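K.L.:
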Amino acid sequence: MKPLHFYSLLLLPCISLLCAAVPVIAGGWREARALLKWKASLAGVDETLSSWNLSANSTRSSPCNWAFIACNTAGEVTKLSINYVSVNGTLAELDFSAFPRLETLLLEQNDLYGTIPEGIGNLTSLTLLRIMNNKRLTGSIPRSIGQLKQLVVLDLGILGLDGAIPAEIGNLTRLEDLSLGGNSLTGSIPPEIGRLEKVTSLYLSGNNLTGSIPREIGNITELQIISLADNHLEGELPLTLSRLVKLTALFVSNNQLEGHIATQLGNKSSLNDIEIFRNKFSRLFTQSICTRGGALQNFAANSNEFEILHDLNFQNCTSLASLDFTANNILGDITEWLGTLPKQLTEIYFTQNQLYGALPQELSEFNQLTVLELDENEISGVIPSTLGNITGLTTLNLRHNLRTGAIPTGLGELFEIYSLDLSYNYLSGPMPLTLRNLSKLALLDLSNCSLTGHAYGLLVADRFNSSSNLSFPDIEILAIASNYISGTIPIELCKASNLDFLDLSNNALYGDLLDCLWDLPILRFMDLSRNSFSGSFPISSTSIIILQSLHLASNQFNGTFPLLLRNCSRLITLDIGVNNFSGEIPSWIAESLPKLRFLRLSSNMFDGIIPQQIFKLRQLQLLDLSHNKLKGPVPVDFTNLVGMTQEQQEGEIIYDGLHLERIQLVWKNGNYIYSKTIAFVIGIDLSCNSLSQWIPEGLTTLHGLRYLNLSKNNLTGGIPEDIGNLAMLESLDLSWNQISGQIPPSFADLKFISSLNLSNNGLSGRIPTGSQLQTLTDPSIYGNNPGLCGLPLKECTNATASTHNQRSQDGARETLWLYCSVVAGFIFGSWLSWGILFCNKMWRYALYQYVDNMQEKIAKKKAAYRRSRART
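Here it is as structure tokens:
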């Protein structure tokens, strides 16, 4: 027995190792089976998951060698990290209970859909859970998330989650990083969040959270970053924020928060980034933020309700670099305010306020400035020449102020400047040629400044210092409209390959339009209107033209409708009015320019008929063909004009993020230039042509029309009976035509009509009464219609009304007597031939049918006559 005992002792370690390995193998098998089951449930599997399979040699292969998986030394799965791999499926079939040792779960941008299962609460060893960028993953955050008490990082950002933040999240007391941003979560922030005392980063931005910020947030004393932006939070910042002594960044922009800022923050010398823009904050005390200099670098408070300039004393903020108070209502002296700012500032944004006074010469002391935006204020005086000393400036914006005098030549020293906007001021004098030195300019706007000079002198650089000869080779936005700039467009401008927006309108430029302008690769907006350009257009272009807005009105262009425009399939606005174009309007407009919304061809010499194809432009909102030589009927098919069948919301069409689309119209007997409200302008102007026949009935289906002008044509017939369907109509002009009949009763339904002209027609009868029509008291709007009566003309009397209807009644009587005579003659003649008819059966039946038809016609005439008598 001794030998047996000896061998048993030798086998004991092996048996022990085998016994220890059994649970490991069993555990690995369970994990592998869970992963393979999940893989089988996926709709589409990325080939990178091909390693997820069992070996042919063993039914108990460990998943530790599979892609995206890591294990501990015991062979248990501790990490599942599948990032940027499309699995295209749900998490429903993933058995989370099979992973008792899983510490890290990372699922980012996997095209997951469905919901996060409650079973995720079984991963009780998890320390890091990050499921991100799976926007089709919807539903609520499972309450079982509160069971993951080992979690240090919880990131469920940029998903499609909705519902409330569960209160159970307060159980995760080891959390240091909580991110639920970029979802559609609703409800309020639960007060239980205050139990997460170790959290350093809190991201709840980009949801639909409501209510106030809970005061319990002050219990999270380790907080360094708070991001609650882009929600619907309201109320004031809680005073408990003063406890967060480690706070470095506060992001609460785009909410409905109000009250004071800074007093609630307490002494926050650690804060370096505050973004509170687009709220309702009204008071600010910076002293508590910048005690002992502080760490504040960025303060963004644009679009709030700040008013008091004295609250904005940042002089002690010695680390401040960027300051933004755009779009508030701050009133004060610019010189006084600049004196309260630290001189190390690099960015100042103070657009859309009420600053007044003059910029001081001492502005050059801000020698680290890169951005200075003071546009849309009331700053007056001259532009200080010392601005040229701030050589690091990349953006200078003083547009829409009250600046006077000349542009200082010193601005030509700003060699790093990228954007220069001095437009809409009261500047004068010549454009300084030193601006040609600003070779890095991408935006130059000198519009509406009454400047003089020659286009060539500004746009063409010294040939010895520039290989391209274009002053601004990187220019993207060039606007020098409404000045006194003369000369021709230099051909060097065609080298501006980055040019996106070109506005040279309302100057004294002349000459032919350069053919090469059509070859600019990314030009979307071109306005050359109100100059003296002449000549015709090239027939075609080999380039792809991406123009969206083309304004060439009020020049001296001639020839037929530009065939080149057939290549401009992206056009939204086409204005070539007030030129010398002639010939017919082409029928290819709708096919080649399907995105047109605003079409103005007025005051040219176009002839022929209006092509029916124009009325196939589904997005068309404005059609102005007035003051041409068009003839024939108005097309009758309006069914495709979807853009005119419904009310458009007021709004802006903006190019390059700055410039508004605009168009000039004659509306309500006045000349208007629409820009900010152009999106709601819907109208048709066919006036001053030779159009004939009647007003099409289908015109009244365009319920979104705000103005309609068909005056000074040869239109006949009556006003459409359902004219009242044009409920949005504000301006209507049908004067100087041959329209007859009565004004339809539905005319009283035009509730918004404020400009009306029906004069010089053949209208008759009583003018309808209506609440809005009663406000139009000028009798001339109905003038030269001898048959009209009623306010504001003379009141109708019985005799007058009888006279008004005399012609129609006389016509009815004549018709009645005619039929009576025919019947009498027929009866007399029938006696002469009665004997013959009596003998011929076929003739007799024909006679009976004829008599029946005559009797029916006489009955209808009598009924019409009685109705006309009843109306009088």
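Mapping of the sequence shown onto our numbering: residues 51 to 922, in sequence order.
Idealized CB from N, CA, C, for every residue including glycine.
All values reported here derive from a predicted model rather than from experimental measurement.
For R574, which option in P588, Q598, L564 and S555 has the closest C-alpha, if you only look at C-alpha atoms?
P.N.:
Start at 1 with the first residue of the sequence shown, and residue 574 comes out as number 524. When only C-alpha atoms are compared, the closest one is Q598.
K.L.:
Would you kindly check if the distance between the Cβ of L273 and the Cβ of L252 is under 9 Å?
P.N.:
As a first step, residue 252 is located in the sequence shown; it is residue number 202 there, counting from the start. As a first step, residue 273 is located in the sequence shown; it is residue number 223 there, counting from the start. In this structure, L273 lies closer than 9 Å to L252 by Cβ.
K.L.:
Within 10 angstroms of the Cβ of L381, are there 16 or more other Cβ atoms? Answer buried if so, exposed if not.
P.N.:
Within the sequence shown, numbered from 1, the residue matching residue 381 stands at position 331. Exposed is the call here.
K.L.:
Return the residue from the list P216, I324, E81 and N608 that minimises the CA-CA distance to E143.
P.N.:
Taking the first residue of the sequence shown as 1, we reach residue 143 at position 93. Answer by Cα proximity: E81.
K.L.:
In chain order, what residues of the same chain lie with their CB nearer than 7 Å to the CB of L646, ignoring the 5 residues before and after it?
P.N.:
Within the sequence shown, numbered from 1, the residue matching residue 646 stands at position 596. Counting only Cβ-Cβ distances below 7 Å, and skipping sequence neighbours, we find L621, I622, L624, L667, Q669 and L670.
K.L.:
Kindly list the residues whose CB is nearer than 6 Å to the CB of M51, restricted to its own chain and excluding five residues on each side of it in sequence; keep chain order.
P.N.:
Residue 51 sits at position 1 when you count from the first residue of the sequence shown. A caution first: M51 carries a pLDDT of 41, below 50, which makes its placement in the model unreliable, though a value can still be read off. Excluding positions up to five away in sequence, the list is empty.
K.L.:
Check for me: the alpha helix (DSSP H) holding E386 runs from which residue to which?
P.N.:
Within the sequence shown, residue 386 is the residue found at index 336, counting from 1. Residues I384 to L388.
K.L.:
Leaving out the 5 sequence neighbours to the left and right, which residues in its chain are closer than 6 Å to L198 when beta-carbon positions are compared?
P.N.:
Residue 198 sits at position 148 when you count from the first residue of the sequence shown. Once the five neighbours on either side are set aside, the close Cβ partners of L198 are L176.
K.L.:
Around the C-beta of N184, are 16 or more other C-beta atoms found within 10 angstroms, so that it is buried, or is it exposed?
P.N.:
For this step, residue 184 is matched to residue 134 along the sequence shown. It counts as buried.
K.L.:
Taking all protein chains shown into account, decide if F583 is buried (16 or more other Cβ within 10 angstroms of its Cβ) or exposed.
P.N.:
Here residue 583 refers to the residue found at position 533 of the sequence shown. F583 should be labelled buried.
K.L.:
Distance, Cα to Cα, E641 vs I732?
P.N.:
Here the question's residue 641 lines up with position 591 in the sequence shown. Here the question's residue 732 lines up with position 682 in the sequence shown. Straight-line Cα distance between these residues: approximately 21 Å.
K.L.:
Since G507 is in the alpha helix (DSSP H), which residue starts that stretch and which ends it?
P.N.:
Position 457 of the sequence shown holds residue 507. Note, G507: alpha helix (DSSP H), A505 to L509.
K.L.:
Going by C-alpha to C-alpha distance, which of R180, L446 and P434 sits closest to G455?
P.N.:
Residue 455 sits at position 405 when you count from the first residue of the sequence shown. Answer by Cα proximity: P434.
K.L.:
From N775 to L784, what does the alpha carbon distance come to, in whole angstroms?
P.N.:
To locate residue 775, count along the sequence shown from 1; it is residue 725. To locate residue 784, count along the sequence shown from 1; it is residue 734. Looking at the two C-alpha atoms, the distance is approximately 17 Å.
K.L.:
Here's the rule: buried if 16 or more other CB atoms are within 10 angstroms of the residue's CB, otherwise exposed. What is D471?
P.N.:
Reading the sequence shown from its first residue, position 421 is the one you call residue 471. Result: buried.
K.L.:
With which residues is E426 paired in a DSSP beta bridge?
P.N.:
Your numbering for residue 426 matches position 376 in the sequence shown. Looking at the DSSP assignment, E426 forms no beta bridge with any residue, so it has no partner.
K.L.:
Thinking C-alpha only, which one of V628, E711 and M655 is nearest I635?
P.N.:
Start at 1 with the first residue of the sequence shown, and residue 635 comes out as number 585. It is M655.
K.L.:
According to DSSP, is L672 part of a helix, a strand, or is it coil?
P.N.:
Along the sequence shown, one-based indexing puts residue 672 at 622. It is a strand residue.
K.L.:
How many Å lie between N557 and H709 at the Cα?
P.N.:
As a working note, residue 557 is residue 507 in the sequence shown. As a working note, residue 709 is residue 659 in the sequence shown. Straight-line Cα distance between these residues: approximately 18 Å.
K.L.:
Looking only at its chain, what residues have a beta carbon closer than 6 Å to the beta carbon of D323, apart from the 5 residues adjacent to it on each side?
P.N.:
By 1-based counting over the sequence shown, the position of residue 323 is 273. Excluding sequence neighbours, D323 sits near A299 and N348.
K.L.:
Can you list, in chain order, the residues of its chain with a C-beta nearer than 6 Å to that of G531? Leave out the 5 residues immediately preceding and following it.
P.N.:
As a first step, residue 531 must be located in the sequence shown, where it is residue number 481. It should be pointed out that residue 531 corresponds to Ala in this sequence rather than to Gly. So the list reads S497, D553, S555 and N556, once near-sequence residues are dropped.
K.L.:
Is it buried or exposed for Y476, if we count other Cβ within 10 angstroms and need 16 for buried?
P.N.:
As a first step, residue 476 is located in the sequence shown; it is residue number 426 there, counting from the start. It is exposed - the Cβ of Y476 has fewer than 16 other Cβ atoms within 10 Å.
K.L.:
Leaving aside the five residues before and after P241 along the sequence, list all residues of the same chain whose C-beta is less than 6 Å from its C-beta, in chain order.
P.N.:
For this step, residue 241 is matched to residue 191 along the sequence shown. Cβ neighbours of P241 beyond the five flanking positions: P264 and E266.
K.L.:
In this structure, how does DSSP classify K679 when only helix, strand and coil are distinguished?
P.N.:
Sequence index remark: in the sequence shown, residue 679 carries index 629 (1-based). Reduced to three states, the DSSP call for K679 is strand.
K.L.:
Could you give the C-beta distance for E158 and N138, rounded to a whole number, given that I count them as a contact under 8 Å?
P.N.:
For the purposes of this step, residue 158 is taken as residue 108 along the sequence shown, with counting starting at 1. For the purposes of this step, residue 138 is taken as residue 88 along the sequence shown, with counting starting at 1. With 8 Å as the limit, E158 and N138 do not qualify as a contact, their Cβ atoms being about 15 Å apart.
K.L.:
Examine the Cβ distances between the region 200–217 and the region 229–237 and report whether three or more of them are shorter than 8 Å.
P.N.:
They touch, by the three-pair rule.
K.L.:
Which residue's Cα is closest to the Cα of N739: G537, L651 and V692?
P.N.:
Within the sequence shown, numbered from 1, the residue matching residue 739 stands at position 689. It is L651.
K.L.:
Between the Cα of G507 and the Cα atoms of T484, L461 and A798, which residue gives the shortest distance?
P.N.:
Position 457 of the sequence shown, counted from the start, is the residue given in the question as residue 507. For the residues T484, L461 and A798, the minimum Cα distance to G507 belongs to T484.
K.L.:
Looking only at its chain, what residues have a beta carbon closer than 6 Å to the beta carbon of W881, apart from the 5 residues adjacent to it on each side?
P.N.:
Here the question's residue 881 lines up with position 831 in the sequence shown. Summary for W881: the model assigns pLDDT 43, below 50, so the residue's position carries little reliability; its value from the coordinates is reported in the next sentence. None.
K.L.:
Let's see if you can read the secondary structure: which residues bound the beta strand (DSSP E) around E397?
P.N.:
What you label residue 397 is simply residue 347 of the sequence shown in a count that begins at 1. Segment E397 to Y399, the beta strand (DSSP E) holding E397.
K.L.:
Only counting the same chain, and skipping five residues up and downstream in sequence, which positions put a Cβ closer than 6 Å to that of Q394?
P.N.:
By one-based count along the sequence shown, residue 394 stands at place 344. Cβ within range, chain order: Q418.
K.L.:
Taking its Cβ as the centre, do 16 or more other Cβ atoms sit within 10 Å of Q792, making it buried, or is it exposed?
P.N.:
Counted from its first residue, the sequence shown places residue 792 at position 742. With 16 or more other Cβ atoms within 10 Å, it is buried.
K.L.:
Applying the 10 Å Cβ sphere with the 16-neighbour rule, what's the burial state of R186?
P.N.:
Here residue 186 is taken as the residue at index 136 of the sequence shown, counted from 1. Exposed, since its Cβ has fewer than 16 Cβ neighbours within 10 Å.
K.L.:
Comparing C-alpha positions only, which one of W744, A777 and G748 sits nearest to S761?
P.N.:
Stepping through the sequence shown from its first residue, residue 761 is reached at position 711. Measuring from the Cα of S761, the nearest candidate turns out to be W744.
K.L.:
Looking at the secondary structure, which residues open and close the alpha helix (DSSP H) in which A640 lies?
P.N.:
What you label residue 640 is simply residue 590 of the sequence shown in a count that begins at 1. Per DSSP, A640 belongs to the alpha helix (DSSP H) from I639 to S642.
K.L.:
Please report the residue range of the beta strand (DSSP E) in which E634 lies.
P.N.:
Walking along the sequence shown from the start, residue 634 turns up at place 584. Here the beta strand (DSSP E) through E634 covers N630 to E634.
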